[in-house]
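The structure appears below as structure tokens.
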Amino acid sequence: MGFVAELNGVSHRYGRVAALQEVTLKVPAGCMAGLIGPDGVGKSTLLALLAGVRRLQEGSVSTLGEDIGKGAARRRLAPQLAYMPQGLGRNLYPTLSVRENLHFFGRLFGQRAAERAARIDMLLEATGLAPFYDRPAGKLSGGMKQKLSLCSALIHDPDLLVLDEPTTGVDPLSRRQFWELIDRIRDHLPGMSVVVATAYMEEAERFHWLAAMNEGRVIAEGSPKELRSRTGAETLETAFIRLLPHGEKQEPVYLPPRAETQDLTPAIEAEGLTKRFGDFTAVDNVSFTIAEGEIFGFLGSNGCGKTTTMKMLTGLLEPSEGETRLFGAHLASSDIKARLEIGYMSQGFSLYSELTVLQNLRLHAALYGIAASRREARVREVLEEFELAEVGEMLPAGLPLGIRQRLQLAVAVIHQPRILILDEPTSGVDPIARDDFWRKLIRLSREDGVTIFISTHFMNEAERCDRISLMHAGRVLEVGAPSDIVARRQVASLEEAFIDCLEEEGGEEDAQEGAPVYDAESRPRSPRNQRLTRLWAYCWRESLELMRDPIRLFFALVGPPLLLLTMGYGITFDVERLSFAVNDQDRTPESRGLIAEFVEIPQFQELVSWSTRERLDERMGRGELTLALEIPEGYGRALRRGDVPEASLWIDGAMPFRAETARAYALGVLQAYAARYAAEHGQGAAPLVEVETRFRFNQAFKSANAMVPSTIMLILMVIPAIMSAVSVVREKETGTIANFRATPVRQSEFLIGKQLPYVAIAWFSFWVLFAIGRWLFDVPFMGSLSALAAVSLLYVVASTGFGQLVSSFTATQVAAVFATAIISIIPTVNFSGLIVPVSSMSEAGRIIGLAFPGAWFQPVSVGTFVKGFGWPEVSAQALAIAGFCLAYLVAGSLALRKQER
Amino acid sequence: MQTLRNIGRLTVKELRALRRDKVMLALMVYVFTAAIWLVANAVTTEVRDLSVAVVDEDRSPLSHRLTDAIQPPLFDPPVLLSPTQAAEAQSQGAYVLVVSIPPDFERDLRAGRTASLMILVDATAVAQAGNGAAFLSRLLNEEIAAYMAPGESAAAPVDVVFRARFNPNLQASWFTAVMQLMNNVTILTLILAGSSMIREREHGTIEHVLVMPVRPYEVVVSKILATGAVIIAASALSLVFVVQGLIGVPVTGSLWLYLLGAGIYVIAVASIGLLLASFTSNMGQFGLLVIPVIIVMFLLSGGMTPLESMPDWLRTMMRIISPSPHFVAFAQAVLYRGSGLHLVAGSLVAMALMAAVALTVVLARFRKVLAG
């Protein structure tokens with residue numbers, strides 16, 4: 048076959064932004080095919096469409112001869128395909144060790160244990176990762192992460208390997224090793240096709256076939272040699288620039304020599320800077336001296352300590368050891384004056400995206416203390432200088448990357464600092480914008496004498512600096528002018544000089560020269576076994592991750608008991624200790640008799656008596672009194688005469704439930720008083736009717752006896768739902784969802800696998816809650832424990848399933864947390880019998896309540912606790928809850944998409 | 012001077028940022044309008060529409076009259092059942108109250124014999140069962156008295172006049188509306204303050220601010236000011252237009268005094284929000300951490316059930332660790348009882364002390380917080 052993928056008229060839009068426009072392309076098979084171009088030109092979209100992980104909008108794509116638009120075709124294709132998404136180790140699980148990560152991927156392809164172990168050993172040997180077997184993926188260096196990602200992609204011998212910017216941000220040695228590894232694997236698996244996207248033009252020289260992309264279109268294709276000869280350029284970078292519209296007029300960037308300065312105090316002096324985080328040394332004894340007006344390049348891979356060093360130079364971080372001097376003066380982190388000398392541009396866009404371009408500039412101008420009279424003029428000046436005038440009223444988020452970088456630079460120089468510290472300012476920007484950016488930097492340096500400290504991982508940018516330092520693993524390996532370094536190392540290019548340095552350091556890992564050899568035959572397994580293995584892959588991995596995440600574990604384990612305690616104590620309908628005071632103006636035996644009745648019952652707590660209405664107002668106003676009795680003068684006399692005297696009882700109505708109950712108690716007291724008075728004075732017969740009130744299921748009428756079982760219902764709904772919703776959305780946020788999209792896993796396997804650990808934890812919580820309710824709150828348990836335990840297990844399956852359903856339409860963890868909380872709390876609190884009994888609700892309320900599992904579980908929980916329910920009484924509810932479990936799983940599977948939109 | 016100006020500028024920046032945050036604005040509007048109205052009208056501890064069954068084994072004119080007397084709004088129209096049906100249905104939760112009228116009830120009464128009537132209460136409906144049974148019992152007593160001796164008033168030796176202060180008809184919605192507003196102040200202040208900090212950390216904007224000649228406390232104070240200003244304004248509007256206007260709760264106290272107390276409270280809660288944010292690295296973690304805190308602060312504040320009903324140790328602890336009980340006490344005193352400054356000074360001082368402590372801790376942690 049000639050082509051591994053064929054695209055026909057493919058267009059793709061994100062909202063109003065067109066990512067791909069009418070792309071028709073044939074990617075040759077059996078070779079290394081590359082996509083080149085800066086960020087945002089549609090490379091990643093194209094690869095994702097080709098791998099079937101993103102939904103096709105327009106046009107057709109066929110990969111390995113299968114029409115990727117069809118679900119069945121994608122399922123057939125999945126085991127032959129490997130997709131490595133963009134971003135360093137983005138499809139890896141940082142808390143899982145190297146070995147655990149690989150076992151997970153092996154299981155995703157349904158491999159059995161022996162086969163997996165053999166393949167993993169072989170891959171780790173081949174990539175040199177074997178010594179780091181047990182290290183968590185999150186603690187690997189960038190280069191090692193990429194190798195691990197590659198291992199995970201190769202675990203099932205794919206026919207097509209799709210790599211999206213696999214080496215961005217990795218040091219040159221690791222990068223070279225990475226490509227050599229790919230070459231060796233290709234030697235061994237000659238049928239395998241590789242499709243790669245890259246932003247490094249140097250790297251693209253290795254590929255057999257290239258497609259250059261710009262603004263969603265393919266602008267040229269062919270071998271690197273063809274592209275160069277077609278444009279008459281010496282390097283691919285220049286070739287690419289010439290291929291761009293208006294690219295032919297671009298002049299190369301020219302760095303005029305620096306005027307020699309003598310005897311000046313250096314702008315920046317770093318001496319023995321060291322920074323430790325715990326026992327990890329991020330920056331180790333770094334020293335350099337930078338003269339005023341110099342452009343000093345800081346070259347190194349991601350995670351080598353560049354950013355940390357820069358933060359120490361700006362005073363953002365306090366060094367553990369060593370010191371920084373700016374123009375000879377010691378820099379302390381609280382030094383406000385020194386900050387006026389520095390302009391800083393951090394990695395990635397870090398201005399306020401909620402403010403417009405102008406608002407950002409004005410805010411920074413003001414905060415740098417530029418006098419109000421000069422401020423507006425300076426803002427205008429900067430707008431002009433950095434060609435931002437047209438976008439002044441726009442929000443930065445809508446601007447192209449190149450303009451945003453200019454804006455950041457404009458902000459950094461708004462207060463005319465003498466030193467600029469720029470952290471990877473040009474990453475991802477297209478070559479023309481990058482050259483533009485450099486011309487501005489050079490002008491600042493040469494014309495205004497600004498000292499520029501710039502970090503980069505592009506070699507061609509480093510070549511434009513006056514001097515550079517090569518950094519690796521927290522240490523500076525070399526300092527000098529680029530040409531001097533190349534000469535000293537006797538190599539041809541800066542890249543090779545860097546590699547030479549790294550090799551001298553001994554590298555951190557040595558890949559074996561041998562080619563990978565597969566011993567284990569992949570014997571076919573029954574589809575059912577494969578399904579179980581894939582399900583188990585997710586279940587096992589989710590459990591490991593959860594065990595290693597303190598905040599989630601805390602929430603899952605401590606949350607439920609904490610909630611039961613606060614709600615058990617916080618929502619109580621026991622009205623006790625009602626404060627009560629009297630104003631007895633009568634002072635007769637009769638009045639004292641009435642007071643005695645009130646004092647007698649335990650719910651009333653008598654306080655000092657009150658004297659005047661003003662005192663009463665004041666004490667009630669402070670919330671000190673709930674009940675106040677006033678017996679007017681002449682009360683006793685009237686009573687003796689046989690009249691009906693009047694007395695007044697004031698109740699604090701601020702809290703209606705308490706007032707209502709207080710009134711009911713007072714009524715009871717008065718009834719008793721009347722009965723006793725009648726009996727003592729022989730007036731009338733004893734009452735004929737006795738209305739007896741008998742409390743069933745809760746003789747003591749204790750609030751906790753009903754609230755605790757109901758609260759368990761609420762907690763087992765909310766917490767498990769939030770936990771499981773977060774677990775799915777987390778994968779979307781960190782990007783590991785790509786593994787679900789690009790492997791043969793099915794929706795149901797993914798959901799059930801991820802649900803099981805949370806069901807286990809939630810059921811464990813049930814037992815904890817049960818124990819707290821039974822023994823701490825002393826709620827009697829009279830029913831069948833086995834019935835309650837079984838139904839609660841069903842119930843937590845339903846609540847975790849509900850969380851997964853919510854996760855299918857939320858995109859961020861915050862949204863998942865709050866959406867799940869709000870959606871589950873409202874019906875559960877209001878319509879499930881927590882406070883208002885379901886039988887007393889309006890029809891609508893009852894229907895809303897019964898549409899959630901809570902209203903079904905509440906009678907089971909309360910019933911088994913205090914009503915002595917057993918299996919027969921709860922079976923109908925159990926059945927209904929089981930129905931919810933199934934419905935949530937089906938709805939979740941339907942809502943969870945195998946493809947990204 | 013520069014400090015004040017910086018705080019002012021950063022506060023304006025916070026407000027502008029908030030204006031663009033459509034989700035947060037929508038949440039605020041919802042929480043301060045619809046949510047309050049819904050809660051005031053939904054969950055109620057008032058006795059209303061209680062489901063009642065009657066087991067009438069007498070089938071006399073009196074028993075029919077008693078059955079007919081059980082009426083809305085307090086009770087649902089009763090359903091007649093046999094004794095076994097009633098016991099079964101009540102344990103299934105179908106009826107909160109069951110009135111049992113024994114055979115020969117009327118005949119016994121007319122013959123001058125003592126007759127007894129039973130009200131069976133499903134005591135697991137703790138919020139309504141107690142008062143509902145008391146009301147039903149009084150209702151039946153009055154009805155029997157009226158039937159047996161028409162025209163004669165029940166002989167009570169004393170006439171006690173009940174006067175409910177501040178809420179004459181004891182309407183639950185008056186209480187829940189204002190308390191829900193107080194709870195929403197707590198919830199939104201925590202979320203708003205915390206998320207403003209985490210958003211800056213996630214976007215890296217905080218570094219930008221800190222390389223400028225801006226002191227950390229200026230950032231903290233501006234965040235508290237912006238959050239506080241927005242929340243206080245929203246809560247005052249909600250108090251006037253939703254609570255007073257729409258739900259019809261008469262607010263007697265001084266709005267200015269309420270604003271003063273709310274101001275102090277919001278400073279304390281916003282500081283707690285920033286403190287919580289300092290323990291987490293992203294919004295997802297913050298969400299998991301803030302939910303239990305919100306629930307504790309809100310349920311154990313006295314705004315749900317009276318503080319007196321909690322165990323002593325818990326009441327004391329909540330008064331020490333959380334400003335919410337003081338705020339609820341303050342708000343009840345000012346808004347319902349119309350108390351003046353001298354009556355609520357204690358709560359104000361307590362809240363101010365907590366605000367001071369929380370603010371100090373946040374400032375001390377701030378550098379670390381920002382370094383992430």
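As you go down the protein sequences, you meet chains A and B in turn.
To convert, take the position in the first sequence, counting from 1, and add 47; that gives the numbering used here.
To convert, take the position in the second sequence, counting from 1, and add 11; that gives the numbering used here.
Beta carbons are placed, not taken as given, at the ideal position from N, Cα and C, and that holds for glycine.
The model shown is predicted, which means the values in this text are computed figures rather than measured ones.
Taking the beta carbon of A/L373 as the centre, do at least 16 other beta carbons fall within 10 Å, making it buried, or is it exposed? buried
Please report the Cβ distance between A/I83 and A/L195, rounded to the nearest whole angstrom; I am assuming they are in contact, meaning their Cβ atoms lie under 8 Å. About 25 Å; that fails the 8 Å criterion.
Under the three-state reduction of DSSP, which class applies to B/P83: helix, strand or coil? coil
DSSP state of A/Y415, grouped into three classes? coil
Whole angstroms is fine: what's the gap from A/V909's alpha carbon to A/E637's? 47 Å
Could you name each continuous alpha helix (DSSP H) segment of 4 residues or more that falls completely within the stretch 604 to 671 of chain A, going from the start of the chain to the end? 636 to 647 and 660 to 668
Mind checking who A/W256 pairs with in its DSSP beta bridge? A/W256 pairs with A/A80.
Using a Cβ-Cβ cut-off of less than 9 Å, give me the residues of the stretch 862 to 877 of chain A that come near chain B, in sequence order. Within the stretch 862 to 877 of chain A, the residues whose Cβ lies closer than 9 Å to any Cβ of chain B are, in chain order, A862, A863, V864, F865, A868, I873, V876 and N877.
Is the distance from the Cβ of B/G295 to the Cβ of A/V861 below 7 Å? yes
Since A/I762 and A/P607 should fall inside the 8 Å C-beta cutoff, what is the C-beta to C-beta distance between them, to a whole number of angstroms? 5 Å
Option nearest A/E249 by Cα separation, candidates A/S831, A/V691, A/E510 and A/E542: A/E542
I'd like to know if B/K24 contacts chain A, where contact means its C-beta is closer than 7 Å to some C-beta of that chain. For B/K24, the answer is yes, since a Cβ of chain A falls inside 7 Å of its Cβ.
Would A/R948 and A/R102 qualify as a contact pair, given that the criterion is a beta-carbon distance under 7 Å? yes
On a Cα-Cα basis, can you pick out the residue from A/H59, A/V738 and A/H293 that is closest to A/L263? It is worth fixing the name first, because residue 263 of chain A is Gly in this sequence and not Leu. Closest by alpha carbon: A/H59.
For A/Y61, count neighbouring Cβ atoms within 10 angstroms of its own Cβ and tell me buried if that reaches 16, exposed if not. exposed
Within a Cβ cutoff of 7 Å, which residues of the same chain sit near B/L192, ignoring the five residues on either side of it in sequence? I47, S246, S249, L250 and V254
With 8 Å as the limit, tell me which residues of the stretch 277 to 305 of chain B have their beta carbon closer than that to any beta carbon of chain C; keep them in chain order. Given the protein chain composition of this structure (A and B), no chain C is represented.
Just tell me which of A/Y415, A/R788 and A/F797 has its CA closest to the CA of A/K945. With distances taken between Cα atoms, A/K945 lies closest to A/R788.
Is the distance from the Cβ of A/M131 to the Cβ of A/A200 below 7 Å? Their beta carbons are under 7 Å apart, which means A/M131 touches A/A200 by this criterion.
Rounded to the nearest angstrom, what separates B/H75 and B/T125 at their Cα positions? 19 Å
Going by CA-CA distance only, name the one from B/R20, B/V169 and B/R70 that's closest to A/D685. One detail in the question is off: residue 685 of chain A reads as Ala in this sequence, not Asp. Looking at the Cα atoms, B/V169 is the closest of the given residues.
Would you report the Cα separation of B/A138 and A/Q652, rounded to the nearest angstrom? Cα to Cα, the separation comes out at about 22 Å.
Please confirm if B/F377 has its CB atom under 7 Å from at least one CB of chain A. For B/F377, the answer is no, since every Cβ of chain A falls outside 7 Å of its Cβ.
Check the Cβ of A/P804 against every Cβ in chain B and list those closer than 9 Å, keeping chain order. Chain B residues near A/P804: none, gap ~16 Å exceeds 9 Å.
Within chain A, the residues that B/M208 reaches when beta carbons sit closer than 7 Å: For the C-beta of B/M208, not a single chain A residue is nearer than 7 Å; the gap to the nearest is close to 14 Å.
Any C-beta of chain A within less than 9 Å: which residues of the stretch 144 to 158 of chain B qualify? A144, A145, F146, L147, S148, R149, L151, N152, I155 and A156
Beta-carbon contacts of A/A929 that lie in its chain and below 6 Å, excluding the five residues immediately before and after: L841
Distance between A/F345 and B/T238 (C-alpha atoms, nearest Å): 40 Å
Just list the residues that DSSP pairs A/F327 with in beta bridges. Secondary-structure assignment with DSSP links A/F327 through a beta bridge to A/F324.
Assigned exposure category for B/M328 - 16 Cβ within 10 Å defines buried: Under this definition B/M328 is an exposed residue.
Could you compute how far the alpha carbon of B/S335 sits from the alpha carbon of B/M315? 12 Å
Whole alpha helix (DSSP H) elements within the stretch 109 to 143 of chain B, 4-residue minimum: Along the length of the stretch 109 to 143 of chain B, whole alpha helix (DSSP H) runs at least 4 residues long occupy 116 to 121, reported in chain order.
For B/V339 and B/V280, I'd like the C-alpha separation in whole angstroms. 13 Å
Within-7 Å CB hit, A/L579 to chain B: At a cut-off of 7 Å, the C-beta of A/L579 has no neighbouring C-beta in chain B.
B/F290 burial status per 10 Å Cβ neighbour count (16 or more: buried): exposed
Can you tell me which residues form a DSSP beta bridge with A/D470? A/S502
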